[in-house]
Amino acid sequence: MKWHFRRLPLWTIVLLAVWGCIIVFVAELGKVNKKQPHFNEKLRAAELAKRAMDHIRDYRRDHLLLWDPVSDPNGTGMIGEEYTIITTDRGELASKLTSTNPNIAALIVELLFKAGLKKGDRVAIAMTGSFPALNIAVLSAVETIGLRPTIISSLGSSMWGANLPEFTWLDMENLLYTKGILRSRSSACTFGGRNDIGANLSPEGRKALEESAKRNNIKLLRADNLRDMITRRMAVYGNADYKAYINIGGGLGSIGSHYNLSILGNGLIRRLPAHNFSVKGTMILFGERGIPIINIADIKELAQRYKFPVAPEPLPPIPSGSLFFREEYNLNLVWALLISYIIIILFFTRGKKQVLI
Numbered sequence: 000m001k002w003h004f005r006r007l008p009l010w011t012i013v014l015l016a017v018w019g020c021i022i023v024f025v026a027e028l029g030k031v032n033k034k035q036p037h038f039n040e041k042l043r044a045a046e047l048a049k050r051a052m053d054h055i056r057d058y059r060r061d062h063l064l065l066w067d068p069v070s071d072p073n074g075t076g077m078i079g080e081e082y083t084i085i086t087t088d089r090g091e092l093a094s095k096l097t098s099t100n101p102n103i104a105a106l107i108v109e110l111l112f113k114a115g116l117k118k119g120d121r122v123a124i125a126m127t128g129s130f131p132a133l134n135i136a137v138l139s140a141v142e143t144i145g146l147r148p149t150i151i152s153s154l155g156s157s158m159w160g161a162n163l164p165e166f167t168w169l170d171m172e173n174l175l176y177t178k179g180i181l182r183s184r185s186s187a188c189t190f191g192g193r194n195d196i197g198a199n200l201s202p203e204g205r206k207a208l209e210e211s212a213k214r215n216n217i218k219l220l221r222a223d224n225l226r227d228m229i230t231r232r233m234a235v236y237g238n239a240d241y242k243a244y245i246n247i248g249g250g251l252g253s254i255g256s257h258y259n260l261s262i263l264g265n266g267l268i269r270r271l272p273a274h275n276f277s278v279k280g281t282m283i284l285f286g287e288r289g290i291p292i293i294n295i296a297d298i299k300e301l302a303q304r305y306k307f308p309v310a311p312e313p314l315p316p317i318p319s320g321s322l323f324f325r326e327e328y329n330l331n332l333v334w335a336l337l338i339s340y341i342i343i344i345l346f347f348t349r350g351k352k353q354v355l356i
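Heads up: the sequence shown is residues 0 to 356, going by numbering that gives the first Met the number 0.
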């Protein structure tokens, strides 16, 4: 005994197929941008970062600390020169340009919330003159959430960073602090560079950094070698109940060695990998306490991971990116289209009786 259905006319089948294609097209066309978790905090952080960067740009323009429009095509004022007396190392311009996107502050907010941080938590931060825009993005995110930072900054800078002797990262930080744009500033600073003691800088370069620390009233840590400097850094951080450690760039006092970065990776690190680190920078020492690490050493990789443009030109608007919005199907529309399709199928198959043979 078999059940057979009367064949539908070819034109009916074609019509149903065409209508099905139309439904798929309309469903795709009707996708909506859904706000992602912590949208408001991400937006406020990005807007604060833009305000801070704009103020730095305006200050440089007003004081004739002009930038090269070829190196800084968006005119952010966050890109330094290729070489100065306080340039410590080679740097990649594309990474520096990527960091000037204010929406990167939303990425930091995302990582902070993933690490479980909340208002009032203490965080230890290691900043660097190599990435002033990232420093601003981190401070904007930290202050938006309401965290309490303890900051140590290394003053030297790789190529294209805050390497103007008369306008170092500490000068930028102090400017934003005195203008009330940001509420946080460094507790101490180091020369940066080789061994975190400026060993690859000229005496003139170290002198320029000493003057920067002095005019901004920030304690300059001194040491004979890298291990001694790491000890001095840890003394500044103290034994507070830190909930996270944030590293920006590749300052040796923080990372210990560049090899360590290949072991640790980038982004949120909840637990240190099993490894015998030959040189333990402050980041490793915090990780050994079980404190989550947010490592922002390779901003290009992080930008690509979170679908931000690399070296964007022009800068994207605020807000933009998948951390703010995610494209999703409009479920109400999808259900309506599906029901309409079922009704149409029933309409064309009505009266088609089953034949038992």
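Don't be surprised by glycine CBs; every beta carbon is placed ideally from N, CA and C.
Every value quoted in this text rests on a predicted model; they were computed, and no experiment measured them.
Outcome for residue i when other beta-carbon atoms lying within 10 angstroms are tallied against a minimum of 16
| i | result |
| --- | --- |
| S321 | exposed |
| A207 | buried |
| W334 | exposed |
| Y82 | exposed |
| L336 | buried |
| E165 | exposed |
| H3 | For H3, the predicted model reports a pLDDT of 49, less than 50, meaning its position is unreliable and no value from the coordinates is stated. |
| P101 | buried |
| I203 | Going by the sequence as given, residue 203 is Glu instead of Ile. Under this definition E203 is an exposed residue. |
| Y258 | exposed |
| Y328 | exposed |
| R214 | exposed |
| V23 | exposed |
| L63 | exposed |
| L163 | buried |
| I356 | Only weak support is given to the placement of I356: the predicted model assigns it a pLDDT of 40, under 50, and the value that follows is read from those uncertain coordinates. With fewer than 16 Cβ atoms within 10 Å of its Cβ, I356 is classed as exposed. |
| P36 | exposed |
| W10 | exposed |
Helix, strand or coil at residue i according to DSSP, with G and I counted as helix
| i | result |
| --- | --- |
| E91 | coil |
| G266 | strand |
| P148 | strand |
| Y305 | coil |
| E326 | strand |
| S157 | strand |
| R226 | helix |
| A114 | coil |
| Y82 | coil |
| R121 | strand |
| I103 | helix |
| N331 | helix |
| K49 | helix |
| N275 | coil |
9 Å Cβ cutoff met for residue i and residue j
| i | j | result |
| --- | --- | --- |
| D87 | G155 | According to the sequence as given, residue 87 is Thr; it is not Asp. Contact flag set, yes. |
| T143 | G248 | no |
| I180 | R269 | no |
| L138 | G266 | no |
| V278 | S256 | yes |
| K95 | W168 | no |
| G264 | N294 | yes |
| A114 | Y236 | no |
| I150 | S98 | no |
| M171 | I196 | no |
| R121 | L146 | yes |
| G79 | I55 | no |
| S129 | A161 | yes |
Whole runs of the alpha helix (DSSP H) within the segment 180–224, excluding any shorter than 4 residues: 202–214
At least 3 beta-carbon pairs within less than 8 Å: the segment 238–245 vs the segment 183–191: no
Mind the definition here: the segment 272–290 touches the segment 305–321 only if three or more C-beta pairs lie below 8 Å; say whether that holds. no
Does the count of Cβ pairs from the segment 105–122 and the segment 34–52 closer than 8 Å reach three? yes
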